[in-house]
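Position 54 of the sequence shown, counted from 1, bears residue number 64 in my numbering, the numbering being contiguous throughout. C-beta: ideal position from N, C-alpha, C; glycine also. Everything numeric in this text was worked out from a predicted model, so none of it was measured. Read through the structure below, which is laid out as structure tokens, and then see the notes.
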Amino acid sequence: MSMFLGRYSNHAYAATRVVVGALFACHGAQKLFGVLGGTSELGDPEGMLAGTIEFFGGSLVALGLFASVAAFIASGEMAIAYFKAHASIGFWPIQNGGEWAVFYCFFFLYVATQGSGRFSLDSVFRRHRLAHDGES
11 MSMFLGRYSN HAYAATRVVV GALFACHGAQ KLFGVLGGTS ELGDPEGMLA GTIEFFGGSL
71 VALGLFASVA AFIASGEMAI AYFKAHASIG FWPIQNGGEW AVFYCFFFLY VATQGSGRFS
131 LDSVFRRHRL AHDGES
């Protein structure tokens, strides 16, 4: 039996990667630039590192550029954030406020295994490189 809307899976993956990556980048923008209702954390090395991973990692995932590597790093950051800031409050993420950290951790782990996908800058560059290699 074929999947319902299965023929659109590449499109859905790309749209989800772009939206979640952009949202994650917004968290980084809050920490780095103090925008979008956030406070700049440039004075805190841990906040600056988190903001850098979130802003650049989220941007790379959204663009589909080195998405596997960026997503793997972002997934690790979210795992650390969960255990550092939420797990000590209680076992269940819904009770300790860690749902978003868990969501981002596992979403980025999935992206790390799937790569940038068909609709991505990596795909554009790969096609461009293959076209030029064929001309030689």
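Neighbourhood of residue i by C-beta distance below 7 Å, restricted to the same chain and skipping five residues each side
i, result
"residue 44", "50"
"residue 122", "78, 81, 82 and 85"
"residue 65", "35, 38, 39 and 42"
"residue 11", "Low per-residue confidence applies at residue 11: pLDDT is 47, beneath 50, and the placement is therefore not dependable, though the value from the model is reported in the following sentence. Counting only Cβ-Cβ distances below 7 Å, and skipping sequence neighbours, we find nothing."
Neighbour-count burial assignment, residue i, 16 or more Cβ in a 10 Å radius
i, result
"residue 27", "buried"
"residue 23", "buried"
Terminal residues of the alpha helix (DSSP H) in which residue i lies
i, result
"residue 110", "109-124"
"residue 46", "It is not in any alpha helix (DSSP H) - residue 46 carries neither H nor E in the DSSP assignment."
Rounded straight-line distance, which links the Cα of residue j to that of residue i
i, j, result
"residue 102", "residue 14", "32 Å"
"residue 155", "residue 105", "Outside the shown range of the chain (11 to 146) lies residue 155, about which nothing can therefore be said."
"residue 109", "residue 25", "22 Å"
"residue 107", "residue 140", "46 Å"
"residue 99", "residue 111", "14 Å"
"residue 46", "residue 96", "23 Å"
"residue 148", "residue 61", "Past the edges of the chain, shown from 11 to 146, lies residue 148, and the structure says nothing about it."
"residue 137", "residue 124", "18 Å"
"residue 116", "residue 67", "15 Å"
"residue 33", "residue 114", "10 Å"
Proximal residues to residue i (C-beta, below 8 Å), its chain only, five neighbours per side dropped
i, result
"residue 20", "127, 128 and 129"
"residue 119", "81, 82 and 85"
Cβ-based neighbour list, residue i, same chain, cut-off 6 Å, excluding 5 preceding and 5 following
i, result
"residue 131", "73, 74 and 75"
"residue 143", "none"
"residue 31", "68, 71 and 72"
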